[in-house]
Every structure is written in structure tokens, then in C-alpha cells.
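Colleague:
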Amino acid sequence: MSTLEDVKPTPVTLGGTRGGPAVRTLRRDRWWVSPAVTVGVLTAFVAYATWAAFQNANYYVGAAMHRDLISPFYSPCLAESCVPGSHPGFVITWWTISPAILILIFPLGFRLTCYYYRKAYYRGFWQSPPACGVADGHASYSGETRFPLILQNVHRYFFLFGLVFNVILTIDAVMAFRMPGEGIGVSLGTLVLCVNAALLWIYTLSCHACRHLCGGNLDKFSKHPIRHRIWKTLSPLNARHMLFAWMSLIFVALTDLYVRLVASGVFHDPKLF
Amino acid sequence: MAELTMRIWRGDPAGGDFIDYRIPEVEGEVVLDVIHRIQAGPAPDLACRWNCKAGKCGSCSAEINGRPRLMCMTRMDTLPTDQPVTVAPMRTFPIIRDLVTDVSFNYVMARQVPPFRPATSGLDGSFRMAQVDVDRGQEFRKCIECFLCQDVCHVIRDHEENKARYSGPRWFIRFMELESHPLDTNDRRELLRQRMGLGMCNITKCCTEVCPEHIKITDNAIIPLKERVVDAAYDPVAWLGRKILRRSKRSAAEALADAPSYAAPTAEDLASRKSATGPSAASPSAASPSAAGPSAAGPA
Ligand code: SF4
Ligand code: SF4
Ligand code: FES
Ligand code: FES
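Residue numbers (the working numbering), protein chains in the order written: chain A, 1 to 273; chain B, 1 to 300.
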């Protein structure tokens with residue numbers, strides 16, 4: 001790593017009187033609506049996800065109900081305590097609390113370091129800044145240059161873990177076509193799991209780190225036609241990353257809710273064909 | 001005829017206040033038209049910068065109802081006229097008078113961008129680029145240097161002290177254009193990390209929101225640069241890859257030696273040279289057009 005310490009920067013003249021009144025903002029539109037909605041939805045999601053993760057029950061609809069549906073919060077279910085049928089070939093024996101806690105750290109880290117969610121919570125929760133042209137509420141500011149925020153730079157690793165989880169949740173969706181005792185079919189639950197997996201794929205593939213690793217890090221597109229093509233395909237998805245972030249976030253919670261309601265016997269998962 | 005109230009900041013470094021001007025409403029006007037009518041009527045001494053009235057020169061930046069915008073591209077019929085329309089100077093830069101601010105900070109930062117440094121040319125002395133590579137940087141060349149993005153960026157808008165180590169969104173797009181240039185040989189990533197404040201940006205996207213040229217500053221320049229800095233400084237796998245593969249670009253310290261700030265005079269240089277008149281040592285480095293612009297010395 002090169003050091004730049006021996007090179008003197010051009011001095012910047014600081015200070016000077018600023019124009020305009022010393023007020024927080026001159027905006028008169030309802031700039032606070034968007035950060036408030038962000039705070040509301042994210043808080044609701046975190047509250048629901050925490051509650052659901054600690055339930056340690058009703059996350060799997062198994063052969064007794066002629067279904068194979070698992071909540072995305074609990075998949076892969078790796079602990080020994082996982083209900084029969086819900087876990088893959090191996091189990092982790094030393095884990096005794098809810099199996100959701102064991103794995104949720106990955107999707108949590110993925111979303112927490114996501115460039116879009118960073119914008120959302122920096123604006124909504126940290127008020128830095130709450131909206132454009134509205135003063136941020138902090139005396140000093142160092143952005144993402146120091147601990148802990150410098151850790152945001154690991155996002156690409158969470159992206160790679162995200163891919164692994166997408167594969168697992170896709171397998172879950174495929175498994176949901178199996179109806180033990182009834183053969184193969186499609187139920188509402190199957191569709192819910194499929195849509196959930198699809199949204200997660202779109203969210204993950206529209207990730208900025210993905211766009212970089214697939215082709216954005218190149219300087220000569222002309223020398224790498226295939227990677228350039230991938231980059232060109234991903235770019236329009238990437239431009240809608242915010243939309244996919246919200247859609248997949250909300251749908252993941254709804255998927256868990258659906259499985260939870262079926263598993264707890266509130267209603268039966270209707271078979272469509 | 002209906003009347004509207006324009007609430008305009010009048011003042012200079014000694015202080016100022018909003019003054020209300022009542023003026024008849026005229027159909028089809030932009031904010032700059034109304035400012036001109038105020039200059040032609042009640043306030044001939046109202047200072048404002050403008051040039052093209054077509055959203056192309058980037059002179060008429062101001063804050064209209066609290067939002068950084070071009071006065072010539074803001075139609076009056078998009079603003080509620082039942083309340084006064086406030087027009088204030090850009091908040092981030094020192095005021096000169098009324099709506100005119102001293103934007104020399106931006107030129108100081110421009111001179112710190114190590115310019116384009118091509119690899120050796122082909123046998124016939126020419127440089128060739130494929131069209132796909134040419135296309136990539138075009139978006140960034142649309143910039144009209146209105147500095148609205150610099151104005152709205154909270155890193156310096158709300159924290160004056162950060163100006164000394166923050167080049168800002170306008171220069172991040174320039175950095176991205178150069179960093180992703182197929183012929184360029186400078187590696188500016190460590191410079192971005194250590195000196196230009198790329199890590200200070202928290203990607204809250206206000207620059208993208210205000211850019212009148214609709215440049216996707218955050219998505220297409222800042223985030224890709226952040227990812228490139230991760231390659232250079234934070235990702236052990238990418239670091240290992242660099243150790244194995246031969247480095248092909250010049251290091252940040254070498255690149256920095258190219259920056260025009262070490263050839264072109266700063267405002268302070270000029271002031272000190274005025275007293276000790278000697279031969280001008282400034283070699284014209286025109287690689288970065290704005291760096292050699294006439295306003296580089298500031299309005300002093
Ligand atoms: S995205 Fe970054 S550069 Fe743009 S306004 Fe926000 S903090 Fe500033
Ligand atoms: S990037 Fe956009 S907002 Fe910033 S100076 Fe250029 S045209 Fe203006
Ligand atoms: S998942 Fe949002 S940027 Fe990577
Ligand atoms: S006057 Fe040129 S951009 Fe507005």
C-alpha cells in the first residue's frame with residue numbers, strides 16, 4: 001500500500017461567511033415523509049423478524065400436513081432441535097437456542113451492508129442527512145472512514161454468502177412442489193416460496209458488488225465481451241436495486257408469516273393443481 | 001393579474017436577510033426570468049450569475065424553496081405561488097453578494113485530480129479505443145459544473161472542516177471516468193481513500209437527486225469507485241490477486257505527482273506571487289479542462 005504522507009495537499013481555504021439564513025432547512029415540501037416511512041417499515045420488519053426468529057416453532061409444514069414448506073428465516077435448519085424433516089443431511093449439535101439465530105446473521109449482514117439499505121438507514125435512523133438540503137443532526141462526521149462503519153467494505157463477502165442462501169431457498173422452493181402422500185403438485189405455499197426465491201435472486205443480482213465483480217471492475221470492456229454483456233444485463237437491474245430491496249424484504253416476512261399460519265393450523269395451504 | 005412574492009436573499013459577507021418582492025405573475029416563466037424582472041424593476045443591484053438560460057453553462061445555481069436547483073431550469077408553474085418563493089444562494093460556499101457565491105473550493109479540488117496519462121501510443125502514433133469503452137465515460141462528460149451536487153453534499157454542507165479532505169461528487173465522477181479509462185495508467189484508488197474522502201460519502205444520493213444533467217453520480221461513479229477501493233485496500237482476495245499478477249498502473253503517489261495542483265497556481269500562490277513578482281512557474285496543464293479555467297484563481 002502506498003503512502004501519500006510525503007505529498008503535501010493543496011491548501012483549501014476553510015471558513016468564509018455563508019449566504020442564506022442559518023436554519024436547518026428552507027424546504028417546505030414534506031421531506032420528512034420518506035425517512036419516516038423508511039423508519040416505520042424497517043422497524044416493523046426488524047420487530048417481526050426478531051419475534052419470528054425467537055419463536056422456534058411453526059416454521060415448517062411437514063408430511064403430516066402433506067406439504068414440505070419451510071420458512072426462509074429458518075432455512076437451512078441446521079440445529080439438532082429442528083423439527084423432523086426440516087433439516088438437511090447434517091446437524092449442529094451444540095446449538096441449543098432457536099436455529100434461526102444461527103443463520104440469520106448472513107442475510108442480516110447482507111442487508112445491513114447493502115448500499116441501498118445504508119442510504120435508507122443513514123437517512124432514516126441516523127439523520128445524516130434526513131433529506132437533501134436538510135442539515136444533518138451531528139456535530140462531527142467521518143462517514144465510512146472509521147470503525148465501525150469502515151466494515152461496510154465487506155459487503156461483497158456478504159453478497160457471496162447471499163448467493164449460497166439463494167441456492168438453498170431455491171431448493172426449498174423446488175421441494176415445495178413435493179406433497180408427501182399426494183404426489184407432486186402446486187399449492188399456494190409453493191407459489192409463495194417460488195416468488196420469494198425469485199425476488200431474492202433479483203435483489204441479489206441487482207447488488208452493486210455483484211455489478212462490480214461481474215464486469216464493473218474492468219477498464220477495457222472491449223477485451224472482455226462476455227463480462228461486458230453480463231455487466232450490461234445487470235446494470236438496468238442495478239438501477240432498480242431499491243425497488244427490489246423493498247420487495248424482497250417485505251415478501252420474505254410475508255413468506256414466513258404464511259408458513260407460520262399454515263404450520264400453526266390457522267388455515268390449510270390450498271392445493272391449486 | 002395575479003401577483004407572486006419572491007423572497008430573495010440579499011447580502012454579502014457582512015450579513016444579509018431575505019427581502020420580499022411582489023411582482024406580477026407571467027405565464028411560462030422560469031425563476032431566472034423573474035429574477036431578471038426584479039433586476040429590471042425594484043432591485044437593479046440584485047446580483048446573480050447566469051449565462052445561457054438553457055441549463056448548459058451551470059452558472060445560475062441557487063436554492064429555490066430550499067432545494068438546490070438551476071434557476072433557469074425551474075419553471076415557476078411547478079412552484080406553489082400561494083406562498084413566497086424563496087431563492088437563496090448555495091449554502092456550502094462562501095457568499096460574495098446576494099445569489100453569487102465563491103465556488104473556488106471546487107477548482108482547488110479539481111487541481112488535485114491526477115490527469116489522464118495514456119499508455120504509449122500505437123506504432124502510428126495514435127491511440128485507439130473501442131466504441132464500448134468510449135461510451136462508458138460519456139455520461140460523466142455531460143457535467144456542466146453547476147456544483148449543485150457539491151452544494152447539497154452534507155459531508156461539506158454541514159461540516160465545513162471536511163472540505164480540506166473531500167473532493168466531492170463532481171470530482172468523483174471525474175475520478176471514475178479516468179479510473180475506468182482503458183488507456184489511462186494512473187492508479188488513483190489509494191488517493192481516493194486517503195486524501196479525497198471517498199470514504200466520507202455515505203451514499204445517501206443527494207448529489208444524484210439534484211444533478212440537472214441526471215448523471216447517476218452515486219450508482220455509476222461513487223459506488224463503483226468504492227468497490228475499486230475495496231479491491232485496492234480491503235479485500236484480501238483482491239490483494240492477493242494483485243500480488244500475483246503484475247501491477248500495470250502507476251501508484252497513487254506517482255499519480256499524485258501528475259496532479260495540476262503541483263503545477264497550476266492556487267489562489268494562495270497567486271496572492272504570494274503578487275508580492276514577489278518573478279517569472280511564472282506555472283506550466284499549463286490542460287488535461288483537466290476545468291483545472292485550467294479562468295476561475296481557478298477564484299474571484300479575488
Ligand atoms: S451520495 Fe455521497 S457524494 Fe453524493 S451527496 Fe451523498 S454523501 Fe455526498
Ligand atoms: S455532476 Fe451534475 S450536479 Fe454535479 S456539477 Fe456536474 S452537472 Fe452539476
Ligand atoms: S445488496 Fe444492496 S448493494 Fe449489494
Ligand atoms: S443560466 Fe446557464 S445553466 Fe442556468
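Where a beta carbon is used, it is the ideal one built from N, C-alpha and C, also for glycine.
Could you tell me the distance, in whole angstroms, from the CA atom of LEU169 of chain A to the CA atom of ALA57 of chain A?
Modeller: Distance between the alpha carbons of LEU169 of chain A and ALA57 of chain A: 19 Å.
Colleague: Verify the contact flag: LYS142 of chain B, CB atom, against every heavy atom of ligand 4, threshold strictly below 6 Å.
Modeller: Outside the cutoff, so no.
Colleague: Look up PRO42 of chain B in the DSSP assignment and say whether it is helix, strand or coil.
Modeller: In the structure shown, PRO42 of chain B sits in coil (DSSP, three-state: anything other than H, G, I, E or B).
Colleague: What does the shell around ligand 4 hold, if a residue joins when its beta-carbon is under 7 Å from any heavy atom?
Modeller: Listed by chain position, these are B:LEU32, B:TRP50, B:ASN51, B:CYS52, B:LYS53, B:ALA54, B:GLY55, B:LYS56, B:CYS57, B:GLY58, B:SER59, B:CYS60, B:LEU70, B:MET71, B:CYS72, B:MET73, B:ILE144, B:CYS146.
Colleague: Which first and last residues belong to the beta strand (DSSP E) in which SER61 of chain B is found?
Modeller: Segment 61–64, the beta strand (DSSP E) holding SER61 of chain B.
Colleague: Can you pull the chain A residues whose beta carbon is under 7 Å from the beta carbon of TYR234 of chain B, in chain order?
Modeller: Near TYR234 of chain B (Cβ distances below 7 Å), the residues of chain A are ASN153.
Colleague: With PHE251 of chain A as the anchor, note down where its alpha helix (DSSP H) starts and where it stops.
Modeller: Where PHE251 of chain A is concerned, the enclosing alpha helix (DSSP H) stretches over 241–263.
Colleague: Going along chain A, which residues have a C-beta under 8 Å from MET200 of chain B?
Modeller: By Cβ distance, chain A contributes TYR141, SER142, GLY143, GLU144, THR145.
Colleague: Cβ atoms of HIS66 of chain A and GLY181 of chain A: under 7 Å apart, would you say?
Modeller: Yes. Within cutoff.
Colleague: Count the other CB atoms, across all protein chains shown, that sit within 10 Å of the CB of CYS52 of chain B; report buried if there are 16 or more and exposed otherwise.
Modeller: Answer is exposed; the Cβ neighbour count stays below 16.
Colleague: What do you get for LEU14 of chain A, buried or exposed, if any count of 16 or more other CB atoms within 10 angstroms of its CB means buried?
Modeller: Counting Cβ neighbours within 10 Å, LEU14 of chain A comes out exposed, since fewer than 16 surround it.
Colleague: For PHE125 of chain A and TYR141 of chain A, what's the separation of their Cα atoms in angstroms?
Modeller: For PHE125 of chain A and TYR141 of chain A, the distance between alpha carbons rounds to 15 Å.
Colleague: Just checking my contact of ALA53 of chain A with SER98 of chain A at CB under 8 Å: how many whole Å lie between their CB atoms?
Modeller: Yes, ALA53 of chain A and SER98 of chain A are in contact; Cβ-Cβ is about 6 Å, under 8 Å.
Colleague: Within the same chain, show all residues whose beta-carbon is closer than 6 Å to that of LEU183 of chain B, passing over the 5 residues directly before and after it, in chain order.
Modeller: Hits under 6 Å: PRO118, ALA119, PHE127.
Colleague: Please state whether DSSP places THR93 of chain A in a helix, a strand or coil.
Modeller: Reduced to three states, the DSSP call for THR93 of chain A is coil.
Colleague: Give me the Cβ distance between GLU254 of chain B and LEU225 of chain B, rounded to the nearest whole Å; I'm assuming they're in contact under 8 Å.
Modeller: Not quite, the Cβ-Cβ distance comes to about 19 Å (not below 8 Å), so this is no contact.
Colleague: To be precise: take each residue of the region 217–230 of chain B, compare its Cβ to all Cβ atoms of chain A, and keep it if any distance is under 9 Å. Which residues remain?
Modeller: Taking 9 Å as the Cβ-Cβ cut-off against chain A, the residues of the region 217–230 of chain B that qualify are THR218, ASP219, ASN220, ILE223, PRO224, LYS226, GLU227, ARG228, VAL229, VAL230.
Colleague: Measuring CB atoms only, is the region 160–173 of chain B touching the region 249–257 of chain A, in the sense that at least three cross pairs come out at less than 8 Å?
Modeller: Touching, no, given that fewer than three Cβ pairs across the two stretches are closer than 8 Å.
Colleague: Within 6 Å: the Cβ of CYS214 of chain A and any heavy atom of ligand 3?
Modeller: Because no heavy atom of ligand 3 lies under 6 Å away, the Cβ of CYS214 of chain A does not count as near it: no.
Colleague: For a quick check, are the C-beta atoms of THR185 of chain B and LYS243 of chain B less than 7 Å apart?
Modeller: No, Cβ-Cβ distance for THR185 of chain B and LYS243 of chain B is not below 7 Å.
Colleague: What is the DSSP secondary structure of GLU29 of chain B, reduced to helix, strand or coil?
Modeller: In the structure shown, GLU29 of chain B sits in coil (DSSP, three-state: anything other than H, G, I, E or B).
Colleague: Of all the options A:PHE273, A:PRO76, A:SER248, which has the alpha carbon lying nearest to the alpha carbon of ILE171 of chain A?
Modeller: The candidate whose alpha carbon is nearest that of ILE171 of chain A is A:PRO76.
Colleague: Could you tell me if the beta carbon of LEU148 of chain B falls within a distance shorter than 6 Å of some heavy atom in ligand 2?
Modeller: Yes, ligand 2 has a heavy atom inside 6 Å of this Cβ.
Colleague: When the Cβ atoms of the region 5–14 of chain B are set against those of the region 90–97 of chain B, are three or more pairs found closer than 8 Å?
Modeller: Output reads yes: the region 90–97 of chain B touches the region 5–14 of chain B.
Colleague: What is the rounded straight-line gap between the Cα of ASP151 of chain B and the Cα of GLU145 of chain B?
Modeller: One C-alpha to the other measures close to 11 Å.
Colleague: Using beta carbons (cut-off 7 Å, strictly below), is VAL103 of chain B in contact with chain C?
Modeller: Going by chain labels, chain C is absent from the structure shown, which instead holds the protein chains A and B.
Colleague: Any idea if THR43 of chain A is buried or exposed, counting beta-carbon neighbours within 10 angstroms, 16 or more meaning buried?
Modeller: Classification of THR43 of chain A: exposed, given that the 10 Å Cβ count is below 16.
Colleague: Using a Cβ-Cβ distance under 7 Å, would ASP133 of chain B count as near chain A?
Modeller: So, interface residue.
Colleague: Going by the C-beta, is GLU209 of chain B closer than 6 Å to any heavy atom of ligand 2?
Modeller: Result no, Cβ not under 6 Å from ligand 2.
Colleague: Can you grab the Cα-Cα spacing for the pair LEU261 of chain A / ASP133 of chain B, in whole Å?
Modeller: Their Cα atoms are separated by approximately 53 Å.
Colleague: From PRO129 of chain A to TYR115 of chain A, what does the alpha carbon distance come to, in whole angstroms?
Modeller: Answer to the nearest angstrom: the Cα atoms are 16 Å apart.
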